[in-house]
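In this note's numbering, the protein residues as written are 329 to 422.
#1: Once DSSP output is grouped into helix, strand and coil, what is the label at residue 329?
#2: Between the segment 403 to 415 and the segment 362 to 370, can you find at least three pairs of beta-carbon atoms closer than 8 angstroms?
#3: Report the residue from 351, 335, 421 and 413 whose alpha carbon sits nearest the alpha carbon of residue 399.
#4: Taking all protein chains shown into account, do 16 or more other C-beta atoms lie within 10 angstroms of the C-beta of residue 342, making it buried, or fewer, making it exposed?
#5: Since I believe residue 333 is in contact with residue 358 (beta carbons under 8 angstroms), could you give me their beta-carbon distance rounded to a whole number of angstroms?
#6: For residue 417, name the three-state secondary structure that DSSP assigns.
#7: Rounding to the nearest angstrom, what Cα-Cα distance links residue 412 and residue 402 in this structure?
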């Protein structure tokens, strides 16, 4: 399953629904969850090592130096490849 996290509202994300084989993509305002030291990010990474972040969203917010190095930075072409590979998809937003 692909989880796309588009919100900085951490209470909107249910960790119980994320498993080891899942992929998590942080984009839009969800990139704020990928900041170094974020407890929710640590909990997500404990569930799955497959965490990605969209480069254009972190650059637009000036956050590139603050992103946790365990999150892999990818471009839009790579996002499209993730969406083609992983099904179903769950979008976290609020």
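Glycine included, each C-beta is placed from N, C-alpha and C at the ideal position.
Taking the coordinates as given:
#1: coil
#2: Touching, no, given that fewer than three Cβ pairs across the two stretches are closer than 8 angstroms.
#3: Nearest C-alpha to residue 399: 351.
#4: exposed
#5: 4 angstroms
#6: strand
#7: Counting only the Cα atoms, residue 402 lies some 15 angstroms from residue 412.
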